[in-house]
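At position 162 of the sequence shown the residue is numbered 185 (my numbering), and the sequence of numbers has no breaks. One structure is given here, and the rest of the page talks about it.
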Amino acid sequence: MCMEKTPWEKAIEFHGHSCPGLAIGYRVSEIALKRLSEMRSPDEELVAIVENDACGVDAVMLITGCTLGKGNLIYRDLGKQVYTFGSRNGNRALRIAVNGEILHRPDPELAELRQKVFGGTASQEEKARFQAAQARRIEEILHMPEEKFCKVEEIDFTFPSKARIFPSVKCSRCGELVMEPRARVRDGKFVCLDCFEDYSRGW
Ligand SMILES: [Zn+2]
Ligand SMILES: [Zn+2]
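Printed below as a string of structure tokens:
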């Protein structure tokens, strides 16, 4: 019997491990797709703006199909568990803010275990206890009521322009090709940004 992997299992496989952070991104994605009546985006139907670059973003990429490579995943380095999803078809967008209590629930026992596990000093028994606590937390995140998990707002949204393909030019210093908008000009010749910076330091 061949069992198709569940979306959650696929997310774990893509991310490399199962963790509460991944569960947060998974849950956010599930809520976004449901509320926007969307499916995983094969092209640029959906746009995601993520405000952190932690574990959950991998679930967002896998579940919603918003990826860096397609240009429909935008990363804003704000350090917040906030995710915005826009549907071009529906011309709608949602801002999903994960409830702070989920992120910062004080659990001194778990904190101590974590320190030991990541510090490499945990016994087998402590490792097992840590795994079990993590698994419980993941289950909780995946199944708690939506209103307890996050706040969802319908927002006005200006869609970013779709990904464009630019011509490349050859850097006159290293000889590598560089997308034209990223190239600089030195002494009338194109240079890539790395070479341009070296130049500023005096090559
Ligand atoms: Zn992780
Ligand atoms: Zn160069």
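We put the CB at the ideal spot given by N, CA and C, even for glycine. These numbers come from a predicted model, not from an experiment.
{"Item": "So if DSSP puts LYS193 in a beta bridge, which residue, or which two residues, is it bridged to?", "Value": "LEU200"}
{"Item": "Please determine whether the Cβ atom of LEU85 lies at a distance below 6 angstroms from any heavy atom of ligand 1.", "Value": "no"}
{"Item": "Going by CA-CA distance only, name the one from VAL192, GLU27, ILE47, GLU132 that's closest to CYS78.", "Value": "ILE47"}
{"Item": "Relative to the C-alpha of GLU68, which residue among GLU199, PHE182, PHE213 is closest?", "Value": "PHE182"}
{"Item": "Grouping DSSP H, G and I as helix and E and B as strand, with all else coil, what is THR90?", "Value": "coil"}
{"Item": "Given a threshold of 16 other Cβ atoms within 10 Å of its Cβ, counted over all protein chains shown, does SER110 qualify as buried or as exposed?", "Value": "buried"}
{"Item": "Closer than 6 angstroms: is that where the CB of ARG50 sits relative to any heavy atom of ligand 2?", "Value": "no"}
{"Item": "For GLY142, which three-state DSSP category applies?", "Value": "helix"}
{"Item": "So the candidates are ILE178, TRP31, PHE37; which of them puts its Cα closest to the Cα of LEU117?", "Value": "ILE178"}
{"Item": "When you compare the CB positions of LEU85 and ALA151, do they come within less than 7 angstroms of one another, or not?", "Value": "no"}
{"Item": "Taking a cut-off of 6 angstroms, which residues have a beta-carbon closer than that to any heavy atom of ligand 1, in chain order?", "Value": "HIS38, HIS40, CYS42, GLY44, LEU45, CYS78"}
{"Item": "Roughly how many angstroms separate the alpha carbons of LEU56 and ARG205, rounded to a whole number?", "Value": "34 angstroms"}
{"Item": "Which one of THR87, ALA82, PRO43, HIS40 has the shortest CA to CA distance from MET62?", "Value": "THR87"}
{"Item": "Answer yes if the region 93-106 comes into contact with the region 213-222, meaning at least three C-beta pairs across the two stretches below 8 angstroms, and no otherwise.", "Value": "no"}
{"Item": "Going by beta carbon distance, what residues of the same chain come within less than 6 angstroms of LYS174, once the five residues before and after it are set aside?", "Value": "ALA120"}
{"Item": "Less than 8 angstroms between C-beta atoms, sequence neighbours within five positions excluded: which residues of the same chain meet that for GLU169?", "Value": "ILE54, VAL175"}
{"Item": "Taking the alpha-carbon positions, what's the ASN75 to ASP100 distance?", "Value": "6 angstroms"}
{"Item": "May I have the straight-line CA-CA distance separating HIS166 from SER41, to the nearest angstrom?", "Value": "15 angstroms"}
{"Item": "From the DSSP output, in three-state form, read off GLY109 for me.", "Value": "strand"}
{"Item": "Would you kindly report the start and end of the unbroken beta strand (DSSP E) that includes LEU69?", "Value": "69-73"}
{"Item": "Would LEU136 and GLU149 qualify as a contact pair, given that the criterion is a beta-carbon distance under 7 angstroms?", "Value": "yes"}
{"Item": "Whose CA, out of PRO190, PHE213, LYS212, lies closest to the CA of MET202?", "Value": "PRO190"}
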